[in-house]
Structure formats: C-alpha cells, structure tokens
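Visitor:
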Amino acid sequence: MGFPNSPEQHPPHAILFAYPTLGHVIPSVHLAIKLASCGFVITFVNTHSIHHHTSRAASDSSHPKDDIFAAVRDSGLDIRYTTVSDGLPVGFDHSLHHEQFMQSMLHVFSAHVEELVAKLVKQSVPPVTCLIADTFFVWPSMIAKKFGLLYVSFWTEPALVFSLYYHMNLLRKNGHFACQDARDDSIDYIPGVEAIHPKDMMSYLQEKDTSTVCHQIIFNAFKEVRGADFVLCNTVQELEPHTISALQAHVPFFAVGPIFPLGFTKSTVPTSLWSESDCTQWLDSKPRASVLYISFGSTVHVAKRDLLEIANGLLLTHVNFLWVLRPDVVSSEDQHPLPIGFEEAIHGRGMIIPWCSQIEVLTHSAIGGFLTHCGWNSILESIWSEVPLLCFPLLTDQFTNRKLVVDDWKIGINLGNACGLVKKEEVSQNVNRLMDEKMGAEFKSAVRDMKKTLRHALMTNGSSKKNMECFVRDLKTKVSTSHARSTSNGHSVIDSTLKQASWNLFFS
Ligand code: UDX
C-alpha cells in the first residue's frame, strides 16, 4: 500500500490493545472496525491466550484462524493483527486462577507491551501516531509518553461507572470509600451524578479491603487515564447527558456507542472463546416473545447456591427458557452444577447450551426477556434487540449498570435479593412478571423507546456519529500539531506540561 511522503498527510495509525477478557475484546474489535471505516490504519493486539481460544473456537467454522481480521481487510479496511504475551503460559486457566492473571496484568504485561510497541513504532508504515488502550490497563499513558504517541483511552462501560472511579478521591474524602466504617447514606457530590446509594456503586468501591490486586489495578488505571488525550466511551450521550458533560470539564470524553458489529449481525471477526451452539431451530419452534434468555456473560462466576435457586425457581414457572451455562460458570472444577434431574424436568421448554451467538439469539422473535448479570455489552445488545431485562448483578460495574436499567430507565426489574440471598420463589415470581404479556408490557414499551434513542445516535446528525467525527477531527489536529512541535523541538513529547498539571491536581 502506498502512503504520501509528508507525515501530516498520513492516515492516523493506531495500535489498539484490547483488555484480555471477552467483554472488553468484543467492543474493542468493533471499535477498530469503526475507526478503520473513518480512515484510520489500526494494528489490533490480542494476547496470545485470547488468540489461542478464539482460533480454537473458530476451528469448526469458516472463519480464518490466524488472522481474525482477514475478512475485514478483504473489504478494504486497513486493520492489521498481532499478538502479545500476557506473561502467563497460553494454557493457563485464567478462570480458575484469576488472582494470578490480575497480578500478571498489574506487574508483568507492560514489559511485553513495551517491547511490541517499540517494534511496531520502528517498523510501521504509515508511522504509528497513537495508542488506543482499554482504560483498565495500568501502563498506557507511560508507554504513550515514552514513544511520543497520543493516548486514546477506551472505556467499555457506562459513563456513570467511569465517573465514580474518576472521582474516587471525593468518595474517599467524604468517607464513602476506603475507610473502616464507610458511610451508607446517599452520595450527592459527584459532578453530574444524581444522588446514588453506595450499594449501587461498583463492587470494588463497596469493599472494605482495598489492598487487593483488583484495587491496585483500578487505582493505577485511573491515574493513567488522567494522562489520556481523549477518552472514547461505549455509551450514548442521551442516556447519560449530565454525567458526560460533567466529565468533559476534566477530560475530552466522547460518547460513541453503541459499538456493535456492522448491521448487528454475527461478526465477521471471530471473537467467541467457545464454539457456538446453533439454537435457531429450537427457537423457531417457540411462540413469539415466549422464551427467557439467560446468560451471565463471559467471565464472572455464580455461586452454586444461587445457581440452584435460579434453576429451582425456573422449575416453578411454565416459561420457556434458553440458558447459556458456561462450563466454568460456577468453577472450571465443577462443570455440571445443575440439580440432578433438571434437564429431564425441563424437557421441551428449556434448553441448556455452553455458548451461543448472543446477538443472533436476542434478535430472534421468540425471545421475550433476558435474565442477565448486567454486563454492559449484554445491556446494550438487549436494548438494541428490544428485549426487557431481569437483573442479577454479580460483580464490578454490574451493580451500577443494574441501577441504570431498573431505577433510571425502567427497562427491567430485579431478579430478587442480592447474590447469596436470592430465593427460588422470588425467581419464579419475577420471571413470570417479566414474561407475562400484560405485566411485562411497560418494560417492553420503555425498551422500545430506548432502542430509538440508540438508533438515532448512530444516524447522520446523531450524537454518537457527530462525536466520532469530532474525535477524529480533534485527533488529526493534535497529531499534526504534536508532529510540528516535535520537529521544532527535536523530540516528541506530547502536551507533557498539561498532563503533568492534571496529575498534580489529582494528587494534591
Ligand atoms: C465484562 C464484565 O463482567 C462486565 O460487567 C463489563 O461491563 C464488561 O466486561 P462480561 O461479563 O463478559 O463482561 O459481560 P458482557 O459485557 O455482557 O459481555 C459479554 C459478551 O459476550 C456480549 O457481547 C455477548 O454478546 C457475548 N456472549 C455472551 C456471546 O456471544 N455468547 C454467549 O453465549 C454469551
């Protein structure tokens, strides 16, 4: 491919690092495609481990195994693909040994990243101009600075979650976080955020012990993001207008969601870690809006006690359901956690599968509700498919996402008491409530309205479309001014004075 000689005329070339869990890889892949459609050259980086699992899962499909972006490149987009070690052997069980995986993310991964970035910066044509990295990484600002690149932080969760982490210092000062007897009254001082109860904060902000490896990652990541030149967020301005405008006073924050595969059809880039069961025939045999889809996402675990209450609750209903039970959903050491005789008892109305193409399932007309752990991708996909939600948050942002779904947007209901307390009777009552044509009607209507908001955001003159255009324009301007500055200075340091000022403010 030929490129012009003058660096200012080159298309922006970004190295994009996806956080190595599926809930982050999926939106990162589709962000890469979106940016390439806006004229970027992208070098997309997965870890060896994610690559190993996706290529194994794709081995029985027509997807190419070694270069997951091959089909996209055939369509004319310049997305290159490479992999990097996460510091652990490829066969390492991340699900069983999550703590060690996080330790590696905190202490080891950056060395491998730095080595790869050095190589790509040296070799690439057109030259690399920016680093796009998931906000949860603990090294992007440091590495971007070292190689004279702009740093674009990619936030895959709602702006509300970003804002609460961003203002951890305020929560700490006010006694709502990181103290022995944390206050349990409402939090009403986070800029742009309506009063929120501590139980609706992310799990990590509700925990007493803040010395864990996850906390160290969060603290470091949110120091790093203060050095970001831009933040791209997989949300929609109209969904969280006040939170977003308040954040924009601190950081160039662009809501560019929802980030989905083109046309919301099965992705041409393989992203599944497990092979997908085809449920179309079974769904075709069920009446319209009669099936409850159940999935707890790709990563988090459900306590066996809760899983059994949910299973027994489903037995008390007559509702059809399709349940994705990942083999490690309780633990990779307990791969058959359902009650004995369960599969026989649900014969004809229930189907259990290990994994599927969720967007294909959600858009099937037989689906009438979604029992979810409230992962942000699942919520956006459910809204797009006009399917109301039954919420059972388990970890991290899922509690905060639940608040948005149930309390603010009213597109779903709670499954029951929090994890560890849920009872089969409330499971059956709430499943019946959501799936009943009359009782569930208000949620269906609210979710239909919200879908319109999402669809408008992506249209010409829609907020996400305009925000993306604005981001691309501002980034190009910044690339050319920083190039001009680096050539006149003889070295490339981008806005280091500004960034230093913002760091000083954070620690003051
Ligand atoms: C993680 C966090 O747990 C979540 O809270 C955060 O918001 C994003 O990162 P995960 O738990 O995997 O994500 O949940 P979610 O965000 O819902 O993402 C799951 C993805 O896997 C979705 O895109 C969904 O379509 C896909 N999926 C899930 C499948 O393709 N098939 C399935 O069978 C289940």
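What the sequence shown shows, in this note's numbering, is residues 45 to 552, in sequence order.
Backbone N, C-alpha and C define an ideal beta-carbon position, used for all residues, glycine too.
By DSSP, does V152 sit in helix, in strand, or in coil?
Guide: Along the sequence shown, read from residue 1 onward, the residue named residue 152 stands at position 108. V152 falls in the coil class under three-state DSSP.
Visitor: Hey, would you say the C-beta of G301 is under 6 Å away from at least one heavy atom of the ligand UDX?
Guide: Residue numbering aside, residue 301 sits at position 257 when the sequence shown is read from its first letter. No, since every heavy atom of the ligand UDX falls outside the 6 Å radius drawn around the Cβ of G301.
Visitor: Tell me which residue opens and which closes the beta strand (DSSP E) that Y125 is part of.
Guide: Your numbering for residue 125 matches position 81 in the sequence shown. Residues 123-128.
Visitor: On the DSSP bridge list, what partners appear for C323?
Guide: Numbered from its first residue, the sequence shown carries residue 323 at position 279. Note: C323 sits in no beta bridge, so no partner.
Visitor: Based on DSSP bridge pairs, tell me the residues matched to C174.
Guide: The sequence position of residue 174 within the sequence shown is 130, counting from 1. A58, L194.
Visitor: Taking just the CA atoms, how far does N505 sit from N514?
Guide: Locating residue 514 in the sequence shown gives position 470, where the first residue counts as 1. Locating residue 505 in the sequence shown gives position 461, where the first residue counts as 1. Residue identity differs from the one stated: residue 514 is Cys in this sequence, not Asn. Those two C-alpha atoms are separated by around 12 Å.
Visitor: Rounding to the nearest angstrom, what Cα-Cα distance links D378 and F136 in this structure?
Guide: Numbered from its first residue, the sequence shown carries residue 378 at position 334. Numbered from its first residue, the sequence shown carries residue 136 at position 92. Cα-Cα distance, rounded: 17 Å.
Visitor: Closest to S565 by CA distance: which of V313, H391, V373 is it?
Guide: A question about residue 565 goes unanswered here, because the residues of the chain that appear run from 45 up to 552.
Visitor: Looking at the unbroken beta strand (DSSP E) that takes in H366, where does it start and where does it end?
Guide: Mapped onto the sequence shown, residue 366 falls at position 322. Reading off the sequence shown, one finds Leu at residue 366, where the question assumed His. It spans 364-368 - the beta strand (DSSP E) in which L366 sits, taken as one unbroken run.
Visitor: By Cβ distance, which residues of its chain are closer than 6 Å to H241, with the 5 residues on each side in sequence left out?
Guide: Locating residue 241 in the sequence shown gives position 197, counting from the first residue. S230, listed in sequence order.
Visitor: Report the option in L150, V335, S342 whose CA atom is closest to the CA atom of T361.
Guide: For the purposes of this step, residue 361 is taken as residue 317 along the sequence shown, with counting starting at 1. Checking every option, the nearest Cα to that of T361 belongs to V335.
Visitor: Any contact of the region 172-190 with the region 56-64, i.e. 3+ C-beta pairs under 8 Å?
Guide: Taking 8 Å as the limit for Cβ pairs, the verdict is that the region 56-64 does touch the region 172-190.
Visitor: Compare the beta carbon distance of E143 and I187 with 7 Å and say whether it is the shorter of the two.
Guide: Residue 143 sits at position 99 when you count from the first residue of the sequence shown. Residue 187 sits at position 143 when you count from the first residue of the sequence shown. Result no, Cβ atoms of E143 and I187 do not sit closer than 7 Å.
Visitor: Quick one: is P331 buried, meaning 16 or more other Cβ sit within 10 Å of its Cβ, or exposed?
Guide: As a working mapping, residue 331 is identified with position 287 in the sequence shown. By the neighbour-count rule (16 or more Cβ atoms within 10 Å), P331 is not buried but exposed.
Visitor: Out of curiosity, what's the CA-to-CA distance linking V471 and P437?
Guide: By one-based count along the sequence shown, residue 471 stands at place 427. By one-based count along the sequence shown, residue 437 stands at place 393. Cα to Cα, the separation comes out at about 14 Å.
Visitor: Output yes or no for whether 7 Å exceeds the beta carbon distance between T444 and L204.
Guide: As a working note, residue 444 is residue 400 in the sequence shown. As a working note, residue 204 is residue 160 in the sequence shown. Against a cut-off of 7 Å, the Cβ pair of L204 and T444 comes out as a contact.
Visitor: Could you work out which residue in I112, F198, I427, R446 is closest to F266 when comparing CA atoms only?
Guide: Position 222 of the sequence shown holds residue 266. Of I112, F198, I427, R446, the residue nearest in Cα terms is F198.
Visitor: Is it true that the region 276-290 meets the region 356-375, where meeting means three or more beta-carbon pairs spaced less than 8 Å apart?
Guide: No, because fewer than three Cβ pairs between the region 276-290 and the region 356-375 fall closer than 8 Å, the two stretches do not touch.
Visitor: Going along the chain, which unbroken runs of the beta strand (DSSP E) with 3 or more residues stay wholly within the region 249-321?
Guide: For the region 249-321, whole beta strand (DSSP E) runs of length 3 or above, ordered along the chain, are 274-277, 297-299.
Visitor: Considering only the beta carbon of each residue, do V161 and H92 sit closer than 7 Å?
Guide: To locate residue 161, count along the sequence shown from 1; it is residue 117. To locate residue 92, count along the sequence shown from 1; it is residue 48. No; because the gap between Cβ atoms is not below 7 Å, this pair is not in contact.
Visitor: Considering just the uninterrupted stretch of the alpha helix (DSSP H) at F88, what are its terminal residues?
Guide: Against the sequence shown, residue 88 aligns to sequence position 44. Element bounds for F88: not the alpha helix (DSSP H) but the beta strand (DSSP E), 85-91.
Visitor: Which class does G357 belong to by DSSP, given the choice of helix, strand or coil?
Guide: Residue mapping note: residue 357 aligns to position 313 of the sequence shown, counting from 1. In the structure shown, G357 sits in a helix (DSSP, three-state: H, G or I).
Visitor: Measure the alpha-carbon distance for H220 versus R227 and round it to whole angstroms.
Guide: Counting from 1 along the sequence shown, the entry for residue 220 is found at position 176. Counting from 1 along the sequence shown, the entry for residue 227 is found at position 183. Those two C-alpha atoms are separated by around 5 Å.
Visitor: So is R270 buried or exposed if we call it buried at 16+ other beta carbons inside 10 Å?
Guide: Counted from its first residue, the sequence shown places residue 270 at position 226. It counts as buried.
Visitor: Just the Cα atoms here: how many angstroms apart are A239 and M479?
Guide: Taking the sequence shown and counting its residues from 1, one reaches residue 239 at position 195. Taking the sequence shown and counting its residues from 1, one reaches residue 479 at position 435. Taking the straight line joining both Cα atoms gives about 31 Å.
Visitor: I need the boundaries of the alpha helix (DSSP H) containing T29, first residue and last residue.
Guide: In this structure the chain extends from 45 to 552, so residue 29 is not present and cannot be described.
Visitor: Would you call the CB atoms of W367 and A101 closer than 7 Å?
Guide: Here residue 367 refers to the residue found at position 323 when the sequence shown is read from its first residue. Here residue 101 refers to the residue found at position 57 when the sequence shown is read from its first residue. For W367 and A101, no; Cβs fall outside 7 Å.
Visitor: Less than 7 Å separating the beta-carbons of R492 and M483?
Guide: To locate residue 492, count along the sequence shown from 1; it is residue 448. To locate residue 483, count along the sequence shown from 1; it is residue 439. Going by C-beta atoms, R492 is not nearer than 7 Å to M483.
Visitor: Mind the definition here: the region 449-466 touches the region 420-438 only if three or more C-beta pairs lie below 8 Å; say whether that holds.
Guide: At 8 Å Cβ cutoff, the stretches touch.
Visitor: Should W367 be listed as close to the ligand UDX, given that the test is whether its C-beta is under 6 Å from any heavy atom?
Guide: Within the sequence shown, residue 367 is the residue found at index 323, counting from 1. No.
Visitor: What does the alpha-carbon distance come out to for the pair G236 and N213?
Guide: Here residue 236 is taken as the residue at index 192 of the sequence shown, counted from 1. Here residue 213 is taken as the residue at index 169 of the sequence shown, counted from 1. Whole-angstrom Cα-Cα distance: 16 Å.
Visitor: Which same chain residues end up closer than 6 Å to T541 when comparing Cβ atoms and leaving out the 5 residues on each side of it in sequence?
Guide: On the sequence shown, residue 541 is found 497 positions in, with the first residue counted as 1. Residue placement at T541 is poorly supported in this model, since its pLDDT is 38, which falls under 50; the coordinates are not used for a value here.
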